[in-house]
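In the working numbering, the protein residues as written are 60 to 251. Glycine included, C-beta positions come from ideal geometry on N, C-alpha and C. Okay, so here's the structure we're looking at.
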Amino acid sequence: MTLEIAFLLIVLLAMVVLFLTEKLPIDLTAFLGLVVLIFTGYIAADQAFTGFASSAVITMLAIFIVSAALMNAGVADVAAAYIHKIVGGRETALLITMMVTAGVLSAFMNNIAATAVLMPAVASLARRAGFHPSKVFMPLSFGAIVGGTTTLVGTPPNILAGSVLEERGLEPFQLFDFTPIGVVLLLIAIVY
Numbered sequence: 060m061t062l063e064i065a066f067l068l069i070v071l072l073a074m075v076v077l078f079l080t081e082k083l084p085i086d087l088t089a090f091l092g093l094v095v096l097i098f099t100g101y102i103a104a105d106q107a108f109t110g111f112a113s114s115a116v117i118t119m120l121a122i123f124i125v126s127a128a129l130m131n132a133g134v135a136d137v138a139a140a141y142i143h144k145i146v147g148g149r150e151t152a153l154l155i156t157m158m159v160t161a162g163v164l165s166a167f168m169n170n171i172a173a174t175a176v177l178m179p180a181v182a183s184l185a186r187r188a189g190f191h192p193s194k195v196f197m198p199l200s201f202g203a204i205v206g207g208t209t210t211l212v213g214t215p216p217n218i219l220a221g222s223v224l225e226e227r228g229l230e231p232f233q234l235f236d237f238t239p240i241g242v243v244l245l246l247i248a249i250v251y
């Protein structure tokens, strides 16, 4: 092992430890790792930031912005009122409706944001129905994860795959190319 490889492994290990312990904020840890690699000459400054110009990165940033706007606009309150109106206090109906709602939201916004938007509403609905909210949080997250696979913008790997195709001069994915498979996966997750 060369000295360069050993140094890079040490930097990587230090970053992993900082990510896991969160002694520093995760974004600061990532940025510091980049800065260390630039100042030690392992990567040129112009190369270090070229990835930020990628259409995939810009799309993900835009989705985070839209997600934050939806959260601030009170989407959770509207969703809770609508779901309660439909299902009342029936647990199975609540689980199915909540997973479908999470799936639809996460098809067009970040999975984490979709889950975060719905968690307060789902907790409130669970309490109204007479069961503990923890019983519905896992299905909620599954609905959001699988729902994200139904569109191009629903999950970062889909965005990245479309971006790579476009960069290579191939026909990129369209917004709903993943929908048939994603909907089947969401239905399987709901039944499970």
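{"Asked": "Anticipated Cβ contact below 8 Å, Ala107 with Leu93, distance rounded", "Found": "6 Å"}
{"Asked": "Bounding residues of the alpha helix (DSSP H) (the contiguous stretch that carries Arg266)", "Found": "Nothing about residue 266 can be read from this structure; the chain reaches only from 60 to 251."}
{"Asked": "Touching by the beta-carbon criterion (3+ pairs, under 8 Å), the stretch 179 to 191 and the stretch 141 to 154", "Found": "yes"}
{"Asked": "Alpha-carbon to alpha-carbon, Gly110 and Asp86", "Found": "16 Å"}
{"Asked": "For Asn169, three-class secondary structure by DSSP", "Found": "coil"}
{"Asked": "Selection from Val223, Val250, Asn217 and Leu68 that minimises the alpha carbon distance to Phe237", "Found": "Asn217"}
{"Asked": "Supposed contact pair Tyr101 and Leu72 - C-beta distance, whole angstroms, cut 8 Å", "Found": "That belief does not hold up - the Cβ atoms of Leu72 and Tyr101 are roughly 15 Å apart, past 8 Å."}
{"Asked": "Close beta carbons around Ser193, own chain, < 6 Å, minus the five adjacent residues each side", "Found": "none"}
{"Asked": "Length of the line joining the Cα atoms of Thr208 and Thr214", "Found": "6 Å"}
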